[in-house]
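Chemist: Okay, so the sequence shown: first residue is 10 according to my numbering, each after it adds one.
Please read through the structure below; I'll follow up with questions.
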Amino acid sequence: MISVVIPTYKEADSIQEVIRRAAATLSQSGEEYELIVVDDNSGDGTAELAEELAQKFPVRVLRRPGRQGLATAVVAGWGIARGDMLGVIDSDLQHPPEILTPLARALRSSNADLAIASRYVAGGGTSDWKLSRRLISRGATHLAASVLPLKLATVSDPMSGMFLVRSKAIKGAKLSPLGYKILLEVLGKGQIEKIAEVAYQFEVRTRGSSKLGFRQYGEYLTHLMRLSWSTGQIGAWVEYSIVGLTGTAVDLGLVYWGAERAGWGVAWALPVAVQAALLWNFLGNQLVTFPQPTHSNSPKSRILTRFLLYEKACLPGALLNICLTLLLAGGGTRLILAAACGVLVDGAFNLLFKVPAIWRVWGSPISVSHGDLMPASPHGS
Ligand code: GDD
Ligand code: MN
Numbered sequence: 010m011i012s013v014v015i016p017t018y019k020e021a022d023s024i025q026e027v028i029r030r031a032a033a034t035l036s037q038s039g040e041e042y043e044l045i046v047v048d049d050n051s052g053d054g055t056a057e058l059a060e061e062l063a064q065k066f067p068v069r070v071l072r073r074p075g076r077q078g079l080a081t082a083v084v085a086g087w088g089i090a091r092g093d094m095l096g097v098i099d100s101d102l103q104h105p106p107e108i109l110t111p112l113a114r115a116l117r118s119s120n121a122d123l124a125i126a127s128r129y130v131a132g133g134g135t136s137d138w139k140l141s142r143r144l145i146s147r148g149a150t151h152l153a154a155s156v157l158p159l160k161l162a163t164v165s166d167p168m169s170g171m172f173l174v175r176s177k178a179i180k181g182a183k184l185s186p187l188g189y190k191i192l193l194e195v196l197g198k199g200q201i202e203k204i205a206e207v208a209y210q211f212e213v214r215t216r217g218s219s220k221l222g223f224r225q226y227g228e229y230l231t232h233l234m235r236l237s238w239s240t241g242q243i244g245a246w247v248e249y250s251i252v253g254l255t256g257t258a259v260d261l262g263l264v265y266w267g268a269e270r271a272g273w274g275v276a277w278a279l280p281v282a283v284q285a286a287l288l289w290n291f292l293g294n295q296l297v298t299f300p301q302p303t304h305s306n307s308p309k310s311r312i313l314t315r316f317l318l319y320e321k322a323c324l325p326g327a328l329l330n331i332c333l334t335l336l337l338a339g340g341g342t343r344l345i346l347a348a349a350c351g352v353l354v355d356g357a358f359n360l361l362f363k364v365p366a367i368w369r370v371w372g373s374p375i376s377v378s379h380g381d382l383m384p385a386s387p388h389g390s
């Protein structure tokens, strides 16, 4: 059975249509299902409108006394759910309910633990978002993948609020989300090994108003930090940072020794030092940070292939480093100081833009597939 939670806060204009369309698509798909509306005392009739439909469709309404956040509403709904598949969908029609069918099919057919509706795979997208919102969403996605690379670097849309998960995958997991992003909690704490992604278009909101505000942005950051502790990824981060710092010492030491002692000249000493540091960092991460990366889906278990992937991910930062150092040194800055600035910018660049790609070199315990999962009804309608 599929249990889909529909969290609502002041969605009187759309809740009935969401229920009707979700019920239609799920009953067509032949799956047994229930819908659980979790309303936070909207006061605009949302809960009553949902209850009205309970005679026609398998709908239950869970009322909470006041606004307590989207993600906890989902956990509360799952708490009373009966299904072996648990899902969530927004109640403002920005998530097309019809996508529930391909999501369910993806879970069943690919034997995945989790099926995510994604805006960022072929066929998906956001209709008509302002550039600012697009950037915030992409930035938030990238930030999440950087803070939790082992869990998120392979997932295209970890911000998604529409997905189905097998109840056994989160059984026993202590879900204590904060704010909006329940999927992060599921990915972080569930037993998720295989994911299917299904494309969808995030629709424009034509009814009611968005509930996303600054408070939710703040909660998001806190939630990410909490997850980095509870998933233990903070530990990998500490090791990764220590390896990076020792690599800096290798780099600066070689620049100094090569250019000022051995007389190689800057043009030789610099690239040799940067390359040596890359090799050092690679081996350090291989031995210390990711000692057992042999997940079935890690890119290639052969160490040389992995090293080449690592080089590719680190090349832009390394070039930045070399150019900046040459520029500064050419302008009269002491070489070692110039090289230190180069390393600093290199590190910052990788931290900001490259962490998910670099960590992916050692693979992820989670495999993601995109099948031929276009929405289609089994009755051919
Ligand atoms: N019960 C309850 N309590 N529901 C809430 C609350 C709350 O405190 N806050 C929001 N909701 C409900 C809304 O009624 C709506 O159905 C849904 O959660 C999403 O809220 P919106 O305010 O419409 O979110 P959005 O459109 O900005 O963001 C959506 O897009 C993201 C993708 O970037 C959300 O669906 C996210 O889940 C999704 O990931
Ligand atoms: Mn919305």
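Heads up, the beta-carbon is just placed ideally off N, CA and C, and yes, glycines get one too.
Note that the structure is predicted; figures quoted are calculated from it, not measured.
Just confirm the distance between the C-beta atoms of residue 278 and residue 264, as a whole number of angstroms; I'd bet it's less than 8 Å.
Modeler: 5 Å
Chemist: Closer than 6 Å by C-beta to residue 368: which residues in its own chain qualify, once you throw out the five before and the five after it? Chain order, please.
Modeler: 158, 162
Chemist: Can you tell me the Cα-Cα spacing of residue 1 and residue 204, whole angstroms?
Modeler: The chain is shown from 10 up to 390; residue 1 falls before or after that span and cannot be answered.
Chemist: May I have a chain-ordered list of the beta strand (DSSP E) segments no shorter than 3 residues that lie completely inside the segment 162-194?
Modeler: Whole beta strand (DSSP E) segments, 3+ residues: 172-175.
Chemist: Alpha carbon to alpha carbon, how far is residue 241 from residue 187?
Modeler: 18 Å
Chemist: By Cβ distance below 7 Å, which residues in the same chain neighbour residue 280 in space, the five residues on each side in sequence not counted?
Modeler: 331
Chemist: Here's a check: name, in chain order, each residue in its chain whose Cβ is nearer than 6 Å to the Cβ of residue 65, leaving out the five neighbours to either side.
Modeler: none
Chemist: Report whether the distance from the Cβ of residue 47 to the nearest heavy atom of the ligand GDD is below 7 Å.
Modeler: yes
Chemist: Helix, strand or coil for residue 23, going by three-state DSSP, please let me know.
Modeler: coil
Chemist: Go through its chain and collect everything with a Cβ distance to residue 166's Cβ below 6 Å, but skip five positions before and after it.
Modeler: 127, 128, 129
Chemist: Between residue 47 and residue 243, what straight-line distance do the alpha-carbon atoms span, to the nearest angstrom?
Modeler: 33 Å
Chemist: Answer yes or no: the CB of residue 214 versus the heavy atoms of the ligand MN, is any distance below 7 Å?
Modeler: Yes, the beta carbon of residue 214 sits closer than 7 Å to at least one heavy atom of the ligand MN.
Chemist: Please classify residue 177: is it buried, with 16 or more other beta-carbons within 10 angstroms of its beta-carbon, or exposed?
Modeler: exposed
Chemist: By DSSP's criteria, residue 72 is part of a beta bridge. Which residues make up the other side?
Modeler: 48
Chemist: In terms of residues, what are the limits of the alpha helix (DSSP H) holding residue 65?
Modeler: Taken as a continuous stretch (DSSP letters only), residue 65 belongs to no alpha helix (DSSP H), as it is neither H nor E.
Chemist: Are residue 282 and residue 260 closer than 8 Å when you measure CB to CB?
Modeler: yes
Chemist: Does residue 93 pass the burial test, meaning 16 or more other C-beta atoms within 10 Å, or should it be called exposed?
Modeler: The residue is exposed, with fewer than 16 neighbouring Cβ atoms inside 10 Å.
Chemist: Kindly list the residues whose CB is nearer than 6 Å to the CB of residue 134, restricted to its own chain and excluding five residues on each side of it in sequence; keep chain order.
Modeler: 128, 210
Chemist: Have a look at residue 329 and residue 321 and give me their C-alpha separation to the nearest angstrom.
Modeler: One C-alpha to the other measures close to 14 Å.
Chemist: Going by the C-beta, is residue 137 closer than 7 Å to any heavy atom of the ligand GDD?
Modeler: no
Chemist: Taking 7 Å as the cut-off, is the CB of residue 219 close to at least one heavy atom of the ligand MN?
Modeler: Indeed, a heavy atom of the ligand MN lies less than 7 Å from the Cβ.
Chemist: Should residue 267 be labelled buried (16 or more other beta-carbon atoms within 10 Å of its own) or exposed?
Modeler: buried
Chemist: Just how far apart, CA to CA, sit residue 82 and residue 15?
Modeler: Taking the straight line from one Cα to the other gives about 9 Å.
Chemist: Would the beta-carbon of residue 53 be found less than 7 Å away from any heavy atom of the ligand MN?
Modeler: no
Chemist: Among 292, 68, 350, 357, which residue has its Cα nearest to the Cα of residue 30?
Modeler: The shortest Cα separation from residue 30 among 292, 68, 350, 357 belongs to 68.
Chemist: Within 7 Å: the Cβ of residue 166 and any heavy atom of the ligand MN?
Modeler: no
Chemist: Taking the beta strand (DSSP E) that residue 124 falls in, what are its first and last residues?
Modeler: 123-127
Chemist: Buried or exposed for residue 122, going by 16 or more other Cβ atoms inside 10 Å?
Modeler: buried
Chemist: Flag residue 16 as yes when its Cβ comes closer than 7 Å to any non-hydrogen atom of the ligand GDD, and as no otherwise.
Modeler: yes
Chemist: For residue 2, which residues from the same chain have a beta carbon less than 7 Å from its beta carbon, with the 5 sequence-adjacent residues on both sides left out?
Modeler: There is simply no residue 2 to check, as the chain begins at 10 and stops at 390 in what is shown.
Chemist: Using 8 Å for Cβ pairs, my map puts residue 169 next to residue 125. What's the rounded Cβ distance?
Modeler: 5 Å
Chemist: Is it true that the CB of residue 13 sits closer than 8 Å to the CB of residue 79?
Modeler: no
Chemist: So the alpha helix (DSSP H) residue 111 belongs to, where does it begin and stop?
Modeler: Start and end: 109-119.
Chemist: What residue does the alpha helix (DSSP H) around residue 106 start on, and which one ends it?
Modeler: Looking at the DSSP string, residue 106 is not in any alpha helix (DSSP H), and its letter there is neither H nor E.
Chemist: Rank 272, 249, 253, 316 by C-alpha distance to the C-alpha of residue 298 and give the top, closest one.
Modeler: 249
Chemist: With the cut-off set at 8 Å, would you say residue 173 and residue 96 are in Cβ contact?
Modeler: Yes. Within cutoff.
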